[in-house]
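Visitor: In this note's numbering, the protein residues as written are 11 to 272.
Glycine included, each C-beta is placed from N, C-alpha and C at the ideal position.
Written out as structure tokens, the structure reads:
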């Protein structure tokens, strides 16, 4: 695999943590939908994706990299809990979600550090508390409502046509990359980063986007104060003096993404 193909698996593991962050925040509203099974699948998927990155970055060197205790634990979870179905194995408890999230973040950061020479230099791990499915479930968003909100956010639309270019590995393949409007800023970050990965794999570029510092804290503050709703739309009745212009300035700052390319 090339660096951006490995990055795809690393970011997929990162989005498992994103989902857990969202679940932790809204746990009380999700207790009747088999949450334990879903968390268990996320847990397994996280370790499978991490091991794909590690094994491809260090082919045939598992014993060597497992001298790192954190990396050894990652392989232990994948091998004993998933690959071999060892009935004597006891997985880390998912009951304490706070501790589990902290553990997974530490492990993912270590994977990125250990594999840094095999990953794109511009790649970042930007955690956002969002799960595409559970967000829609909790907010009772129908297909019609989803489409309506996206229609309001047409400014988020990105259209990338590479029909005049050729993919590096597939010279006959012409691609058209389309990013539809997203329902909120968190989802937009996830989809933009996914789009960067797909584009980079096909065009051999090195493009990446990341949010501004303290992005999540700022956005959550505006939501907590009910200045914006969960779709990041202004609640005009709650704006200071109804100042819609001031709101737009705040939101513009939050939505500003840093474009990284080298």
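So for residue 219, helix, strand or coil by DSSP?
Guide: Of the three classes helix, strand and coil, the one that applies to residue 219 here is strand, per DSSP.
Visitor: Could you please give the first and the last residue of the uninterrupted alpha helix (DSSP H) stretch that includes residue 124?
Guide: Per DSSP, residue 124 belongs to the alpha helix (DSSP H) from 107 to 124.
Visitor: Roughly how many angstroms separate the alpha carbons of residue 197 and residue 241, rounded to a whole number?
Guide: Cα-Cα distance, rounded: 10 Å.
Visitor: Please list, in chain order, all residues of the same chain as residue 75 whose beta carbon is under 8 Å from its beta carbon, the five residues on each side excluded.
Guide: Correct list, in chain order: 64, 68, 81, 124.
Visitor: Rounded to whole angstroms, what's the CA-CA distance from residue 88 to residue 218? Just pull it up for me.
Guide: Each residue's Cα considered, the two are about 29 Å apart.
Visitor: Which residue comes first and which comes last in the alpha helix (DSSP H) that contains residue 12?
Guide: Taken as a continuous stretch (DSSP letters only), residue 12 belongs to no alpha helix (DSSP H), as it is neither H nor E.
Visitor: Does DSSP put residue 238 in a helix, in a strand, or in coil?
Guide: Residue 238: strand per DSSP, three-state reduction.
Visitor: Between which residues of its own chain and residue 30 is the CB-CB distance below 6 Å, once the five residues before and five after are set aside?
Guide: The answer, listed in chain order, is 111.
Visitor: From 163, 17, 149, pick the residue whose C-alpha is nearest to that of residue 62; which is it?
Guide: Of 163, 17, 149, the residue nearest in Cα terms is 17.
Visitor: So which of 205, 211, 222, 230 has the shortest CA-CA distance to residue 2?
Guide: Nothing in the structure corresponds to residue 2, since the chain is present only between 11 and 272.
Visitor: Less than 8 Å between C-beta atoms, sequence neighbours within five positions excluded: which residues of the same chain meet that for residue 129?
Guide: For residue 129, where only same-chain residues beyond five positions count, the Cβ hits under 8 Å are 13, 16, 17, 20, 63, 67, 122.
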